[in-house]
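Read in order, the letters of the sequence shown are residues 35 to 97 in our numbering. The beta-carbon is built from N, C-alpha and C at its ideal position, and this holds for glycine as well. None of the values given here were measured: they were computed from a predicted structure. To start, the structure itself, in structure tokens.
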Amino acid sequence: MPTSLAWFLRGRGYEARRLAGVGLRGAEDETVAEYAADRGLILVTLDKDFGLLYRRLYEGKIT
């Protein structure tokens, strides 16, 4: 996400992490999905295919 969006969300009390900030810049989509799912995070992306990947990997596994 853009730095400006991260600051906007943080300013409203949300925790916002950027991939570069957690060592995942350039990581494969599956790695990013695992990181978010393992930590119970909501993922914000403009990658239109990401939802399909996430659903394939985690449908029925997240509560």
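Please classify residue i: does DSSP put it in a helix, a strand, or coil?
{"i": "G47", "result": "coil"}
{"i": "L91", "result": "helix"}
{"i": "V56", "result": "helix"}
{"i": "L86", "result": "helix"}
{"i": "T79", "result": "coil"}
What residue range is occupied by the uninterrupted alpha helix (DSSP H) comprising residue i?
{"i": "D72", "result": "63 to 73"}
Measuring alpha carbon to alpha carbon, tell me which of the options ends up nearest residue i.
{"i": "I76", "options": "G60, Y48, A61, G57", "result": "Y48"}
{"i": "D81", "options": "D63, D72, P36", "result": "D63"}
Check your understanding: Counting pairs of beta carbons, one from the segment 58 to 71 and one from the segment 83 to 92, are three or more of them closer than 8 Å?
Key -> Enough Cβ pairs lie closer than 8 Å, so yes.
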